[in-house]
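Chemist: Numbering (this note's numbering), first residue to last: 6 to 321.
The beta-carbon is built from N, C-alpha and C at its ideal position, and this holds for glycine as well.
The structure that follows is given in the form of structure tokens.
Structure, rendered in structure tokens:
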């Protein structure tokens, strides 16, 4: 059953699962009081489908001045710790999931390109986006709202709300626009470091007094519970099964991670589509079709991919 997360669970370390009856109300209505949005505001989703997860905007603080250490000096991360990693214009970076759990967004410049690394621990989704929108440079922050249990970003230039997984404007001036993406990889620190020894990794020097040593979402990942309501549900596999979701010329295909882990390769044929997905040495996943087209996936939990792509094919 869909379950809800209280503000304490969002903002603090404890993560109890709550029933729908425990959905919180707050003194500040983020949509109305902070953003000034109402039914007359341009939007592509119903305002009632946006659920407030904490008392105020930026309750989870983005990292806007990230600091790094070299790979051989990274004492704050273990070999098997998951990291979100990126290679852009020869610049290699890694972001430990345990730090990202508490910040969700890093506004950065990588390989000379302004980007934001975004992470939704409730959906297990890592998405890299460019911070220039229609020629306007911006930063992104955590709105305090969720849509289909997914992180809702806001950009600080236009204050538009963006759904993270689809990278689309859903409420505000830029509703209907799509953010430009940059590929990111979720892998282990050891695997990324061995493939890219010149990589730098996000430091715990974030400007916040936070203990990053604990795995804040371990119990959540092992549960059946989904913290906020979603539009579509499917029980073919466990809702928290990790999948790699591909958008291929208007079609959606999801591969379970177990097919591709440890450098695996898997071919999928459906009608006129022939798709081969494989994992590289550094943990990055790509797919190619029979015409040579190359695709990069979103890595996330099955329930999150399915709710945004209910017509998806599942390869398991």
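How big is the Cα-Cα spacing for residue 97 and residue 40?
Modeler: Sequence index remark: in the chain shown, residue 97 carries index 92 (1-based). Sequence index remark: in the chain shown, residue 40 carries index 35 (1-based). The straight-line gap from Cα to Cα measures roughly 36 Å.
Chemist: Of the choices 68, 72, 87, whose alpha-carbon is the least far from that of residue 218?
Modeler: As a first step, residue 218 must be located in the chain shown, where it is residue number 213. Here the closest residue by C-alpha is 87.
Chemist: Within 10 Å of its beta-carbon, does residue 108 have 16 or more other beta-carbons around it, so buried, or fewer, so exposed?
Modeler: In the chain shown, residue 108 corresponds to position 103, counting from 1. Counting Cβ neighbours within 10 Å, residue 108 comes out buried, since at least 16 surround it.
Chemist: Given a cut-off of 8 Å on the beta-carbon distance, is the pair residue 194 and residue 287 in contact?
Modeler: Residue numbering aside, residue 194 sits at position 189 when the chain shown is read from its first letter. Residue numbering aside, residue 287 sits at position 282 when the chain shown is read from its first letter. No, they are not a contact pair.
Chemist: Given a cut-off of 8 Å, decide if residue 31 and residue 60 are closer than it, judged by their beta-carbon atoms.
Modeler: Here residue 60 refers to the residue found at position 55 of the chain shown. Here residue 31 refers to the residue found at position 26 of the chain shown. Result yes, Cβ atoms of residue 60 and residue 31 sit closer than 8 Å.
Chemist: Ordered along the chain, which non-local residues of its own chain (more than five positions away) have a Cβ less than 6 Å from that of residue 250?
Modeler: Here the question's residue 250 lines up with position 245 in the chain shown. Correct list, in chain order: 259, 302, 303, 310.
Chemist: Can you round the beta-carbon distance between residue 169 and residue 186 to whole angstroms, since I take them to be within the 8 Å contact cut?
Modeler: By one-based count along the chain shown, residue 169 stands at place 164. By one-based count along the chain shown, residue 186 stands at place 181. Their Cβ separation, rounded to whole angstroms, is 11 Å, which puts residue 169 and residue 186 out of contact at 8 Å.
Chemist: Helix, strand or coil: how does DSSP classify residue 104 here?
Modeler: Locating residue 104 in the chain shown gives position 99, where the first residue counts as 1. Here residue 104 sits in helix by DSSP.
Chemist: Given a cut-off of 8 Å, decide if residue 49 and residue 180 are closer than it, judged by their beta-carbon atoms.
Modeler: In the chain shown, the residue the question calls residue 180 occupies position 175. In the chain shown, the residue the question calls residue 49 occupies position 44. Here residue 180 is near residue 49, since their CB atoms are less than 8 Å apart.
Chemist: Tell me the rounded alpha-carbon separation between residue 281 and residue 252.
Modeler: Counting from one through the chain shown, the residue named residue 281 turns up at place 276. Counting from one through the chain shown, the residue named residue 252 turns up at place 247. Roughly 13 Å separates the two Cα atoms.
Chemist: Specify the secondary structure class of residue 53 as computed by DSSP and reduced to three states.
Modeler: To locate residue 53, count along the chain shown from 1; it is residue 48. Looking at residue 53 - three-state DSSP - the assignment turns out to be helix.
Chemist: Just verifying my parser: in three-state terms, what is the DSSP assignment at residue 33?
Modeler: For the purposes of this step, residue 33 is taken as the residue at position 28 of the chain shown. Here residue 33 sits in coil by DSSP.
Chemist: Could you compute how far the alpha carbon of residue 134 sits from the alpha carbon of residue 94?
Modeler: Translated into the one-based positions of the chain shown, residue 134 becomes position 129. Translated into the one-based positions of the chain shown, residue 94 becomes position 89. Looking at the two C-alpha atoms, the distance is approximately 15 Å.
Chemist: Given this structure, state the Cα-to-Cα distance separating residue 306 from residue 75, to the nearest angstrom.
Modeler: In the chain shown, the residue the question calls residue 306 occupies position 301. In the chain shown, the residue the question calls residue 75 occupies position 70. A straight line joining the alpha-carbon of residue 306 with that of residue 75 spans about 30 Å.
Chemist: Measure the CB-CB distance between residue 123 and residue 145 and report whether it falls below 8 Å.
Modeler: On the chain shown, residue 123 is found 118 positions in, with the first residue counted as 1. On the chain shown, residue 145 is found 140 positions in, with the first residue counted as 1. For residue 123 and residue 145, yes; Cβs fall inside 8 Å.
Chemist: Go through the segment 153 to 187 residue by residue and report every complete run of the beta strand (DSSP E) that reaches 3 residues or more, in order.
Modeler: 155 to 160, 166 to 168, 173 to 176
Chemist: Is there a C-beta anywhere in chain C that falls below 8 Å from the one on residue 65?
Modeler: Structure shown: chain C not included; a single protein chain is present.
Chemist: Run the CB neighbour count on residue 92, radius 10 Å, all protein chains shown included, and call it buried at 16 or more, exposed below.
Modeler: Counted from its first residue, the chain shown places residue 92 at position 87. Classification of residue 92: buried, given that the 10 Å Cβ count is 16 or more.
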